[in-house]
Amino acid sequence: MLLNAILDHQVVFFGGKGGVGKTTCSSAFALAASRRGQRVLLVSTDPAHSTSDIFETTIGPEERELLPRLSALEIDGGREAARYVAGVKADIQRMFSPGVVRQANRQIDMAAQSPGLSEVALLDRMIDLIAGRGTSYDTVVFDTAPTGHTLHLLRMPDAISAWILALVRHRRAVIEIDRGMEQSREEAAAADPVLAALERRHERLTELRTIVTDRARTTFVLVAVPERLVIEETARAADELGETGIAVGGLIVNRVLPEGLEGEFYQSRKAQEAVYLQEIQRRFPRLPRVIVQQLPRDVYGRDSLALVSAQLVA
Ligand SMILES: Nc1ncnc2c1ncn2[C@@H]1O[C@H](COP(=O)(O)OP(=O)(O)OP(=O)(O)O)[C@@H](O)[C@H]1O
Ligand SMILES: [Mg+2]
């Protein structure tokens, strides 16, 4: 079983427990897709980026072409948060008088301290990459952070949407009160651009939601290794993705020991592995499963990546 069926997807997420091989498999998949002629963008959203290491080059926060048809970037949450805050401030500066701007900036600086901001900013950049650029790439491949964080991020559009709608309602009420109290005309006029900005933001989130829940366009590949705790976490992730409405297109079982080795240590590991492989089959009967063998060395550089690619895509 291989991942050929998901090659034509517009967005492919790779996720799983820490250290199972998400970066290795997403990079190998991106490489395989680009070699088959697709224009691919590989995006790392994990704060501990390692796509640079695996391609043995520096990948920064801006898109960079690594190989023909294969570009990559590493999203930096802190940098995106700063950019996001600067963007909001610039919007407000355009719309309001200096007095209002000073007050608003104080509020924004306070909001910028909140722990969720870098996630909101990260999501915003993901929207740009997924929704904003229809034709530059055929496929955007995401190497995500370990499961919990990614699921949280993918569930955010709903939470943020609800929050924005509440803001919109609040804003409408404020406009009405202001008008009733005959506030300055500037404030009444300024109220509309704020509403418009909120509504634009809401539309972008809705667009993201539409794309990631469309199983013809977006799929999530779970990466696991044949070990007990990993299997449990993978099962939870599969359930949660299902609830979020995101299709799981495949399960990579990575680091499976090669056949035909000898010795007691190997026999013992192989016997335990067989139990977990059966368990995986029993727990995920409907998911297309792909086995990737444990290689003799860590996976670095194009040649060893290609060895993994060959096991993912034919
Ligand atoms: N099939 C394999 N054979 C040999 N080594 C592998 C294999 N898959 C992954 N590795 C090695 O295991 C280590 C972890 O892999 P990787 O960085 O891809 O995991 P990850 O899930 O992205 O980790 P993190 O959760 O920290 O982001 C790396 O050193 C990688 O080279
Ligand atoms: Mg990684």
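Number 254 in the numbering used here belongs to position 206 of the sequence shown; there are no gaps in the numbering.
Yeah, the Cβ is synthetic: ideal placement off N, Cα and C, and Gly gets one too.
Residue i in three-state terms, based on DSSP
{"i": "Thr267", "result": "strand"}
{"i": "Ala237", "result": "Because Ala237 sits at a pLDDT of 49, beneath the cut-off of 50, its placement in the model cannot be relied upon, and the following sentence gives the value as read from the coordinates. Three-state result, Ala237: helix."}
{"i": "Asp176", "result": "helix"}
{"i": "Ser75", "result": "helix"}
{"i": "Val361", "result": "coil"}
{"i": "Gly311", "result": "coil"}
{"i": "Asp101", "result": "helix"}
{"i": "Ser92", "result": "strand"}
{"i": "Gly290", "result": "helix"}
Cut-off 8 Å between Cβ atoms - residues of its own chain near residue i, not counting five sequence neighbours on either side
{"i": "Glu167", "result": "Gly125, His200, Leu201 and Met204"}
{"i": "Ile54", "result": "Val60, Thr267, Val269, Gly297 and Gly298"}
{"i": "Tyr132", "result": "Leu165, Val168, Ala169 and Asp172"}
Beta carbon of residue i nearer than 8 Å to that of residue j
{"i": "Ala152", "j": "Ile140", "result": "yes"}
{"i": "Leu360", "j": "Ser75", "result": "no"}
{"i": "Ile175", "j": "Arg83", "result": "no"}
{"i": "Pro373", "j": "Arg127", "result": "For the chain, the structure presents residues 49 to 362; residue 373 sits outside this window and is missing."}
{"i": "Ala286", "j": "Gly64", "result": "no"}
Cβ-based neighbour list, residue i, same chain, cut-off 6 Å, excluding 5 preceding and 5 following
{"i": "Leu89", "result": "Ser119, Tyr185 and Val188"}
{"i": "Leu43", "result": "One cannot answer for residue 43 here, as it falls past the ends of the chain, which runs 49 to 362."}
{"i": "Gly349", "result": "Glu104"}
{"i": "Ala237", "result": "Low local confidence applies: a pLDDT of 49 at Ala237 is under 50, so the model's placement there is unreliable, and no value is given."}
heavy atom of ligand 2 below 7 Å from residue i C-beta
{"i": "Thr93", "result": "no"}
Sequence-distant residues of its chain with Cβ nearer than 7 Å to residue i (five each side left out)
{"i": "Ile178", "result": "Val59, Val188, Leu256 and Ile259"}
{"i": "Thr261", "result": "Gly293 and Ile294"}
{"i": "Asp94", "result": "Asp191, Thr192 and Ala193"}
{"i": "Val25", "result": "Residue 25 cannot be examined here, being either before or after the span of the chain that is shown, 49 to 362."}
Burial state of residue i (16 or more Cβ within 10 Å)
{"i": "Phe313", "result": "exposed"}
{"i": "Pro274", "result": "buried"}
{"i": "Val323", "result": "exposed"}
{"i": "Ala311", "result": "For the sequence presented, residue 311 should be read as Gly rather than Ala. When all chains shown are included, Gly311 counts as exposed."}
{"i": "Asn302", "result": "buried"}
{"i": "Thr106", "result": "exposed"}
{"i": "Ser145", "result": "exposed"}
Heavy atom of ligand 1 within 7 Å of residue i beta-carbon
{"i": "Lys30", "result": "Residue 30 lies beyond the residue range present for the chain, which begins at 49 and ends at 362; the question has no answer from this structure."}
{"i": "Arg127", "result": "no"}
{"i": "Val340", "result": "yes"}
{"i": "Asn52", "result": "no"}
Chain D within 8 Å of residue i, Cβ atoms only
{"i": "Val361", "result": "No chain D is part of this structure, which consists of one protein chain only."}
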